[in-house]
Structure formats: C-alpha cells, structure tokens
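K.L.:
Provided herewith is a single structure, encoded as structure tokens, for subsequent inquiry.
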Amino acid sequence: MKASTKTAVKALEILLENPEGLMEAAKAAVGHGEQAKGLLEKYIQLSSMPEWEYATKEKTLFLRPGEITEFFEQSKAYKNHPLYGKALGRFTSKLVQESYRKGENGFVLDAGGISGLKNLCHKVEGSKDKKLKIEVRGNPGEGFCSCAQYSVITLETPDYSCGIYTTGCDFRVQSKSHAEKIVKELRSGFKCGNGSTRHWCNIHNGSINRVYMIGKDKDELFWSEDCWQFKREMEEFNEREARRRGPDYMEPD
Numbered sequence: 684m685k686a687s688t689k690t691a692v693k694a695l696e697i698l699l700e701n702p703e704g705l706m707e708a709a710k711a712a713v714g715h716g717e718q719a720k721g722l723l724e725k726y727i728q729l730s731s732m733p734e735w736e737y738a739t740k741e742k743t744l745f746l747r748p749g750e751i752t753e754f755f756e757q758s759k760a761y762k763n764h765p766l767y768g769k770a771l772g773r774f775t776s777k778l779v780q781e782s783y784r785k786g787e788n789g790f791v792l793d794a795g796g797i798s799g800l801k802n803l804c805h806k807v808e809g810s811k812d813k814k815l816k817i818e819v820r821g822n823p824g825e826g827f828c829s830c831a832q833y834s835v836i837t838l839e840t841p842d843y844s845c846g847i848y849t850t851g852c853d854f855r856v857q858s859k860s861h862a863e864k865i866v867k868e869l870r871s872g873f874k875c876g877n878g879s880t881r882h883w884c885n886i887h888n889g890s891i892n893r894v895y896m897i898g899k900d901k902d903e904l905f906w907s908e909d910c911w912q913f914k915r916e917m918e919e920f921n922e923r924e925a926r927r928r929g930p931d932y933m934e935p936d
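Counting in my numbering, the sequence shown runs from 684 upward without gaps.
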C-alpha cells in the first residue's frame, strides 16, 4: 500500500472514532472522573495524529485515481463498523474532488460487498469543458452523486437516489429499467408546500442532465432534459407558480 493510500486509510480510521462525538461525550461526562478522563485522553490521542487535519479539517489529501481506487478497496476492512458507510462516502467525495482539482480524472470505485454506503460523491463538481468521470461497480448507495455538477457517471447497479438535484450530468447505465429509475429521480424534484413538484434543474443555459444506455459501439441517448416533454412540464410548472404567487410576489431573502 502506497504512503498516500495509507494516509487516507488512517484518516478514515479517525473518522470512524467519531472525533466530534468524543469531545461532546467528554464534556457531558465532566464530573464523572475516570469516564471523562478516558474520553478526553482518546480525543487528545486522535487529534495528535498527523492525519487528523485530513479527517476533520479543511486540509486536503491528493491521491491519484488509482490510489483512490486502492483506498476504497482497503477501506472494506472496516465495513462492519456502524459509521463506515457514512464516513467512507463523505471522505471519498473529498478525495475525488481534490484529485480532480489537481488535474486528475477517471475514478473507479468498487462498492461490491458494501452495505449502508451514503452520499458517495455528493456535491462533486466538474466543469462544462472537462466533465468529472466517475465509474462505480456494485451498488453506489443512498444519495450517490446528489447535487453533482458536470460529471459523467457510469453505473453498474441501480439505486433509488441516483441523479437527484444534479446539473449537467451524463448518466451511463446498463439497462432500460436502470435508466427509467434515474429519469424518475431527475424529474421528481421535491415537493413544495402546496403539494406541487419543483424540478431542480435549469434547461436554459446548457446545464442539461442526460441518461445514456451503454451499447457495444457507442452510448445511446435514452433521455435528456432538453426533450420537448420535459420542457413542456417545466413551462406548465412555471405558469402555475406565476398564477399562485401573483404579480406582487417577492422572493424571500
């Protein structure tokens, strides 16, 4: 295992100790003698580790795509830990984004054998000119690539939350049923207070989400937000909102 991958694994180990929770528990245990002392000592031990800032602060760790793949595989040693899925999703997202910022691309993550994975690649951002490329084998888990921007996302296994609140992303999938699941998420948006649905997208500035079926020779476009049906639904929604709000409506600050 390379030194940079070892650093990432150590940072994950710190996250699995729930450092923020440790400090809160130590404060709550003040006056309980040995219990508070033990919790505080554990917190001090963790915060003195060189990987602490990668795990809990804004300091970023640069790994190349192959190293991130290796880290993701090595992390499976902790897959039975109750905080594993949440910690792995958040930390891997950070690693992928930093690697992309440093000029790297083409990330492959094997989620096979992992259950409870959450928010993997949440809020990752590519650019219009150079989309961030992510491939996940196995089930990517809950909230995968939610709020992602300008990414090419290749998936092997469907998940109910793929694609929600994305901007300018291309989804490459294996089957028609998988494509339909993603389209349903992209079109469902979120429920407004009056029971109507608000679509989270922008179809006027080139920020279009698309879903492709993976073919032998080339990807076949399955659905796109610039299709006439979707545009009509958006226009109808905007008209309803305009009537509901009235001419004097002002957006809240």
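Backbone N, C-alpha and C define an ideal beta-carbon position, used for all residues, glycine too. The model shown is predicted, which means the values in this text are computed figures rather than measured ones.
Going by beta carbon distance, what residues of the same chain come within less than 7 Å of Met706, once the five residues before and after it are set aside?
P.N.:
Tyr726
K.L.:
How many angstroms separate the CA atom of Leu815 from the CA atom of Arg773?
P.N.:
17 Å
K.L.:
Give me, in chain order, the residues of the same chain whose beta-carbon lies closer than 8 Å to that of Glu796; leave out the 5 immediate sequence neighbours on both sides.
P.N.:
Here residue 796 is Gly; the residue named in the question, Glu, does not match the sequence. Cβ within range, chain order: Lys759, Lys762, Gly821.
K.L.:
Which residues in the same chain as Cys910 place their Cβ atom closer than 8 Å to its Cβ, once the five residues preceding and following it in sequence are excluded?
P.N.:
none
K.L.:
Name the one or two DSSP bridge partners that Lys838 has.
P.N.:
It should be pointed out that residue 838 corresponds to Leu in this sequence rather than to Lys. Leu838 is bridged to Val819.
K.L.:
Closest to Ile897 by CA distance: which of Glu908, Ala925, Thr837 is it?
P.N.:
Thr837
K.L.:
If we ignore side chains and look at the alpha-carbon of each, how far apart do Thr688 and Gln757 end up?
P.N.:
9 Å
K.L.:
So, at 6 Å on beta carbons, what are the nonlocal neighbours of Gly878 in its own chain, with the 5 sequence-adjacent residues on each side left out?
P.N.:
For Gly878, the predicted structure reports a pLDDT of 49, less than 50, and the residue's modelled location is therefore unreliable. The matter cannot be settled from this model.
K.L.:
Gly846: buried (16+ other C-beta within 10 angstroms of its C-beta) or exposed?
P.N.:
buried
K.L.:
Thinking C-alpha only, which one of Gly826, Val692, Pro733 is nearest Cys804?
P.N.:
Gly826
K.L.:
What is the rounded straight-line gap between the Cα of Val835 and the Cα of Leu723?
P.N.:
So the two alpha carbons sit approximately 44 Å from each other.
K.L.:
Using the DSSP secondary-structure output, state which residues sit across from Trp906 in a beta bridge.
P.N.:
Val894
K.L.:
Per DSSP, what kind of secondary structure is Lys777 in: helix, strand or coil?
P.N.:
helix
K.L.:
What separation, rounded to the nearest whole angstrom, lies between the Cα atoms of Thr948 and Val894?
P.N.:
For residue 948 there is no data in the structure shown, the boundaries of the chain being 684 and 936.
K.L.:
Using C-beta distances below 7 Å, list every residue in its chain close to Thr840, excluding the 5 sequence neighbours before and after it, in chain order.
P.N.:
Gly821, Asn822
K.L.:
Looking only at C-alpha atoms, which of Gly786, Asp812, Gln780 sits nearest to Lys806?
P.N.:
Gln780
K.L.:
DSSP puts Leu792 in a beta bridge; with which residues?
P.N.:
Val819
K.L.:
From the DSSP output, read off the bridge partner residues of Glu825.
P.N.:
Lys801
K.L.:
Looking at the structure shown, is Gln857 part of a helix, part of a strand, or coil, going by DSSP?
P.N.:
coil
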